[in-house]
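A short write-up of the structure that comes next.
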Amino acid sequence: MATVPVYCICRLPYDVTQFMIECDACKDWFHGSCVGVDEDEAPDIDIYHCPNCEKTDGKSTMKNKKRTKHDTGQRGDIRAVQNGSQVFIKELRSRTFPR
Numbered sequence: 010m011a012t013v014p015v016y017c018i019c020r021l022p023y024d025v026t027q028f029m030i031e032c033d034a035c036k037d038w039f040h041g042s043c044v045g046v047d048e049d050e051a052p053d054i055d056i057y058h059c060p061n062c063e064k065t066d067g068k069s070t071m072k073n074k075k076r077t078k079h080d081t082g083q084r085g086d087i088r089a090v091q092n093g094s095q096v097f098i099k100e101l102r103s104r105t106f107p108r
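For the numbering used here, count along the sequence shown from 1 and bump the result up by 9.
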């Protein structure tokens, strides 16, 4: 019987529907929801360390963020929704359009 590889601190197999992030130290993969990393925040992470590797390698580091045309300086919860983000997709799916 073949064994299915498991990942993350939850020790579950890979699930294509869930966002995962790779630890830059141990190279293991983790569900964002299990380690507190939101998919929308992941591109801003420069070096990610999982909870176990944080103990020996230090905390994750963020990229130096440059202002973009989408960055209005407003709080994240009231900032304009960016095209393609999970928030955008959820908002788009909740709307109805005339035919």
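Beta carbons are placed, not taken as given, at the ideal position from N, Cα and C, and that holds for glycine.
Annotated three-state conformation of I18 is coil, per DSSP. Collapsing the DSSP output to three states places E31 in a strand. In chain order, I54, D55 and I56 place their CB closer than 8 Å to the CB of T70, counting only its own chain and leaving out the 5 sequence neighbours on each side. The C-alpha of V96 is placed about 31 Å away from the C-alpha of P14. Boundaries of the alpha helix (DSSP H) harbouring F97: Q95 to S103, taken from the DSSP string.
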